[in-house]
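Worksheet for the structure shown next.
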Ligand SMILES: NC(=O)c1ccc[n+]([C@@H]2O[C@H](COP(=O)([O-])OP(=O)(O)OC[C@H]3O[C@@H](n4cnc5c(N)ncnc54)[C@H](OP(=O)(O)O)[C@@H]3O)[C@@H](O)[C@H]2O)c1
């Protein structure tokens with residue numbers, strides 16, 4: 014297996030202000046990547062940027078609301094204006110909802126689809142011209158174990174993540190000949206604000222650490238052989254296999 018250098022590689026991570034996105038940003042900055050941190054709260058992103066810079070890394074904060082219809086477009090416009098290119102796109106921003114179908118409003122359904130499925134689609138679309146000349150050109154979409162298993166009270170969230178996986182499969186085939194690497198990561202319960210918000214019943218001692226996911230992502234980006242990983246599914250150890 015060949016080691017791939019991330020030094021000076023431009024890496025955009027949506028949802029980088031906390032949780033999985035933040036852990037991932039810190040890990041990839043250790044590899045020398047230039048991190049573009051996306052989220053709604055600029056003050057939270059700046060704290061992550063400070064942490065990265067204290068360790069000698071480089072980061073740029075970009076505030077964007079990906080629940081807006083043109084959120085992805087506005088975000089990538091700033092890249093295009095500065096003629097910036099991109100090597101890696103990590104579609105990580107996401108929102109969850111725990112509610113029975115009868116109590117899921119059209120507004121909630123639309124919002125979850127906009128953040129979890131629509132924005133990754135249009136971020137990929139807008140990022141392709143910026144990535145085309147990169148040697149690395151990699152897209153990582155963060156789905157969830159619920160996407161293929163289906164969980165009660167999470168039908169809207171599950172639908173959005175199932176859509177993300179379907180999109181990723183098509184994209185991987187569509188872009189294979191152009192040298193793109195498309196990976197999907199599907200975690201089970203991770204110890205972040207999201208899970209404690211929607212599943213207060215979960216025993217937090219058993220949750221996966223966000224840093225563990227960051228290590229899987231570091232591996233996907235820094236190691237290359239003749240094999241290719243399409244999808245990594247990571248359940249909590251306490252859950253049943255498969
Ligand atoms: N935690 C889990 O158990 C788990 C399991 C499977 C999959 N996942 C997936 O992993 C990803 C990260 O989740 P997490 O657990 O790290 O969640 P988190 O701690 O709640 O962080 C979510 C991130 O997304 C950003 N975000 C949310 N809404 C946004 C919007 N409208 N526009 C731009 N950014 C937005 C947040 O920043 P702002 O609030 O500042 O915008 C934050 O940085 C999500 O896609 C989630 O579905 C999580």
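Numbering (this note's numbering), first residue to last: 14 to 255.
Quick reminder that beta carbons are idealized off the backbone N, C-alpha and C, glycines included.
Distance from the C-beta of residue 78 to the nearest heavy atom of ligand 1 is below 7 Å.
Residue range 206-211 is occupied by the alpha helix (DSSP H) that includes residue 210. A distance below 8 Å between beta-carbons, with the five flanking residues on each side excluded, links residue 221 to the following residues of its chain, in chain order: 200, 201, 202, 203, 204, 247 and 249.
The three-state reading of DSSP puts residue 200 in strand, counting E and B together. When secondary structure is reduced to three states using DSSP, residue 117 falls in the coil class, being assigned neither helix nor strand. Residue 102 is not a Cβ neighbour of residue 76, given a cutoff of 8 Å.
Relative to ligand 1, the beta carbon of residue 206 is positioned inside 7 Å of a heavy atom. Less than 8 Å divides the Cβ of residue 242 from the Cβ of residue 233. Around the CB of residue 150, 16 or more other CB atoms lie within 10 Å, so the residue is classed as buried.
Taking a C-beta distance under 8 Å as the contact criterion, residue 207 and residue 109 qualify as a contact pair. Not one heavy atom of ligand 1 is found less than 7 Å from the C-beta of residue 248. Excluding its 5 nearest sequence neighbours in each direction, residue 146 has C-beta neighbours in its own chain below 7 Å: 98, listed in chain order.
Annotated as proximal: residue 45 and residue 19, with beta-carbon spacing under 8 Å. With fewer than 16 other beta carbons inside 10 angstroms of its own, residue 213 counts as exposed. Residue 71 carries a strand assignment under DSSP once its states are collapsed to helix, strand and coil. By the CB criterion at 8 Å, residue 85 and residue 50 fall outside the cutoff.
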